[in-house]
Amino acid sequence: MSAVLDLQDVVKVFGTRRHPHRAVDGVSLRVEEGSIFGLVGESGSGKTTLARCALHLIEPTSGRAVFEGQELGALSRGQLRSLRSRLGVVFQNPVAALNPRMTIASLVAEPLVTHTKLRGSELKSRVLELLDDVGLGSAYPSRLPHQLSGGQLQRVGIARALATTPRMLILDEPTSALDVSVQAQILNLLRELRTRHDLTYLLISHDLDVIRYMCDSVAVMKQGQIIERGDTGAVFGNPEHEYTRSLLAATPGQRRIR
Amino acid sequence: MTYPLLPVVPSLTPVNERFTGLRHLGRVLSRDWLAAFGLVLVVLVLVLAVFGKWIAPHPEEGAGLANIPNRNLAPGAAHWFGTDELGRDVLSRVIIGAGPALSVALFVVVAAATIGIVLGAIAGYRGGWFDTVIMRITEFFQSFPPLLLAMITVALLGAGPVNVGIALAIAWWPWYARIVRAEAASLRDRSFVEAARAMGVPTWRILYRHILRNSTTPILVQATVDIGTVVLWVGSLAFIGLGAQPPSPDWGLMVQEGRGVILNRWWISTFPGLAIFVTVLGFNLIGDALRDILDPRQTKR
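In order, the protein sequence lines correspond to chains A and B.
Residues 1 to 258 in the working numbering are what the first sequence spells out, letter by letter.
Residues 1 to 301 in the working numbering are what the second sequence spells out, letter by letter.
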C-alpha cells in the first residue's frame with residue numbers, strides 16, 4: 001500500500017520569538033491509501049493545526065507535507081489550487097463553515113464552479129446528485145443554511161467536500177458539534193461514502209468512541225507530539241503510554257473494557 | 001450567486017425570501033413612524049429629482065431664465081414660495097434643483113464606496129503591509145476636517161459641479177475603506193472563508209462572495225445616510241462659491257443668493273435651505289430604518 005498523505009517531521013510554531021508556542025512539534029505520519037487514519041487527542045493538542053498544515057492553509061514552520069507524491073510547499077499557486085480538488089476537508093462546525101448568505105445549491109456548486117467547466121443545467125443536476133448522495137432530498141437546494149438542522153448542514157458540508165471527486169478527505173471533528181443522535185448517522189454516512197467512492201480519510205477527533213468505530217489505525221497526540229500509534233485495536237486494547245491509558249480511563253463507557 | 005429555484009414539494013418550499021423581506025419592511029414601517037416619515041421625504045425628493053421638469057410651474061425659470069417684472073414677490077397664490085431678485089419662481093428653482101443635487105450625491109457616494117470597498121476589502125483580507133499602507137493613508141485623509149479637504153481639492157481643480165463631485169469622493173472614500181476593512185478583517189478567519197480557501201476558490205471570488213456579500217449591511221446603511229450628508233456638503237461648497245455657479249438652481253447657491261436680504265425677503269434663502277434639510281433628514285431616517293431591517297439578528301428563521 002502507498003501513502004496518500006505523508007507528513008514528515010511537521011513543526012508549526014506560533015507566538016513570538018521570545019515566547020514561542022510549538023503547536024505541532026515534529027509530527028510524522030503516513031495515511032495509507034484506502035484507510036481511515038484516526039488522530040486523537042484533547043483540545044489544544046495540535047490536531048487541527050496539523051490538519052491545517054496538511055491542507056497548506058497555513059505554512060508549516062518546518063517539515064514537509066506530501067500529498068500523492070507532491071510536496072505541498074513546493075507547488076505553484078495553480079498546482080496547489082488544482083490539488084485542492086483532490087484533497088477535501090470537512091470542518092467541525094457546519095454552521096460556521098457554510099456561508100450564511102448562500103443557498104445550499106450554490107454552496108455545493110462552489111467547488112464545481114471553481115474546478116470544473118460544469119455550468120447551467122449540468123451543474124444543477126450534479127449538485128442534486130451530490131445532495132442525493134449524502135441523503136438530502138430535492139427540497140433543500142434553494143434553502144439557506146439557517147433553515148437546516150446541524151446534521152443536515154454537515155451533510156451539505158460533506159457533499160461540498162465530495163463535489164470534485166477527491167481521493168482523500170480530512171475530517172476535522174466532523175461530529176463534535178452535532179447532537180449525539182445525529183452523530184452516528186453522519187459517521188455511518190461517512191463509512192458508506194468511503195466504500196462507494198473509494199476514499200481515504202484522516203479523521204481528527206477527541207472522541208475515542210468515534211475513533212474506535214471508524215479507524216483502522218490511530219495516532220495519539222499530546223502537546224504537539226505523537227506519543228503513541230498503531231492499529232486501533234492494539235492501541236485501545238493495550239495502551240503503552242500512560243497518557244493514552246488516562247484518556248481511555250476518562251471515557252465513561254471504557255472502564256469496563258479495561 | 002442565486003441559484004435558480006428548482007421545482008420542489010410545495011409544503012416544503014421555504015417562503016420566498018424577497019417576500020418575507022417586504023413584509024419585514026412593512027412591519028418596520030408600521031411600527032416605526034419615523035422610518036415611514038423618512039421614506040415619504042425621500043420618495044418626495046426622488047420624485048422631484050426625476051420628474052421635476054414636468055412638476056415645476058415655471059421650469060424655464062427654474063433652470064435660470066430671469067423674469068424681471070416679477071422680481072421679489074412674496075409667497076402667495078401665484079408663486080407659493082415667492083420669487084427671487086431676478087423674478088424667478090423659487091418653488092420651480094427648488095424643484096429643478098433636486099435633480100442635480102441628487103445626481104452629484106449619488107456620484108460621490110458610488111465613487112467613494114467603490115474605491116473604499118475595493119481597497120478596504122483587500123486591506124482587511126490580506127493584512128500585512130498593504131493593510132498598513134492603506135490604513136495610514138485613510139488616517140492621513142481623516143485627520144483633515146473633511147470640508148477643508150474638499151475645499152482645497154476644489155480650489156486645486158477649479159470650481160464647478162463635476163469637480164465638487166470628484167473632491168467630495170476623494171474626501172469620502174476613507175470612511176468606506178475603514179468600514180469594509182473592519183468587516184473583512186473579522187470575516188477573514190471565519191470558518192466558511194477558510195473552507196473556501198481549502199477548496200481552492202480564487203481570492204477575488206472569496207472577496208466578493210464571502211467577504212463583501214456578508215458586509216453589505218454597514219455599507220448600505222452608511223451610503224444611504226451619506227447621500228443626505230453629501231447634499232448638505234455640495235450645498236455648503238456652493239454657498240462659499242466653490243460649487244455650482246449662477247444661474248444653476250443649486251440649493252446651496254440659492255441660500256447664498258438670498259443671504260444678504262434674509263431679513264426683508266426671507267423666502268429666497270429659506271425654501272432652498274428647507275429642501276436641503278428635508279433631504280438630509282429623510283435619508284438619515286431611512287438609513288436608521290435600514291440598519292434595523294438588514295440586521296441579520298432580526299430576520300426570522
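Glycine included, each C-beta is placed from N, C-alpha and C at the ideal position.
In this text, all values refer to a predicted model and were calculated from it rather than measured experimentally.
Residue burial is scored here from C-beta neighbours: A:H197 has fewer than 16 other C-beta atoms within 10 angstroms and is therefore classed as exposed. Burial check for B:I68: the Cβ neighbour count within 10 Å stays below 16, so the residue is exposed. At a cut-off of 7 Å, the C-beta of B:S215 has no neighbouring C-beta in chain A.
Chain B has no Cβ within less than 7 Å of the Cβ of A:N188. Residues of chain A with a Cβ closer than 9 Å to the Cβ of B:R31 do not exist, since the nearest Cβ in that chain sits about 23 Å away. Buried is the label assigned to A:G224, since at least 16 other Cβ atoms lie within 10 Å of its Cβ. Of the residues assessed, B:F271 falls on the buried side of the cut-off, its CB having 16 or more other CB atoms within 10 angstroms. Taking a C-beta distance under 7 Å as the contact criterion, B:G165 and B:V225 do not qualify as a contact pair. For a cut-off of 8 Å, the C-beta gap from A:M221 to A:K47 is around 6 Å, short enough to register as a contact. By the CB criterion at 7 Å, B:G200 and A:R81 fall inside the cutoff.
It is roughly 11 Å from the alpha-carbon of B:L187 to the alpha-carbon of A:A96. Between the beta-carbon of A:R194 and that of A:Y201 there is about 6 Å, and that keeps the pair under the 8 Å contact cut.
By the criterion of at least three beta-carbon pairs nearer than 8 Å, the region 105-122 of chain B is not in contact with the region 140-158 of chain B. For B:R181, the enclosing alpha helix (DSSP H) stretches over residues 161-188. For secondary structure counted as the alpha helix (DSSP H) over 4 or more consecutive residues, the region 213-274 of chain B holds these complete runs in sequence order: 216-239, 251-259. For the region 161-175 of chain A, the residues whose beta carbon sits under 9 Å from a beta carbon of chain B are, in order, A161, A163, T164, I170. At least one beta carbon of chain A lies nearer than 7 Å to the beta carbon of B:F192. The DSSP-derived three-state label of B:K53 is helix.
At least 7 Å separates the beta-carbon of A:L203 from that of A:I58.
Counting only residues of its own chain and dropping the five nearest sequence neighbours on each side, A:A161 has a CB closer than 7 Å to the CB of G88, V89, V90, L169.
Residue-level contact by beta carbon holds for A:F91 and chain B, with a gap shorter than 7 Å. Taken in chain order, the complete alpha helix (DSSP H) segments of 4 or more residues contained in the region 57-107 of chain A are 77-83, 94-97. Among the bridge pairs identified by DSSP, A:H21 is matched with A:F14. DSSP places A:V27 in the strand class (E or B) of the three-state scheme. Per DSSP, reduced to three states, the secondary structure at B:F283 is helical. B:S92 sits close to B:A56, with the two beta carbons spaced by under 7 Å. Nearest CB-CB separation between B:V180 and chain A: not below the 7 Å threshold. Per DSSP, reduced to three states, the secondary structure at A:L208 is helical. A:H21 sits exposed, since fewer than 16 C-beta atoms from the chains shown fall within 10 Å of its C-beta. In the DSSP assignment, no residue is bridged to B:S92. Less than 7 Å divides the Cβ of A:L153 from the Cβ of A:P94. Taking 8 Å as the cut-off between beta carbons, the residues of the region 196-223 of chain B near chain A are A196, R197, A198, M199, G200, V201, P202, R205, R209, H210, R213, N214, in sequence order. As the crow flies, the alpha-carbon of A:H241 is around 29 Å from that of A:H19. Between A:R86 and A:R30 a beta carbon distance of about 17 Å is seen, past the 8 Å cut, so the two are scored as non-contacting. When the Cα atoms are used, B:G160 and A:L55 turn out to be separated by approximately 56 Å.
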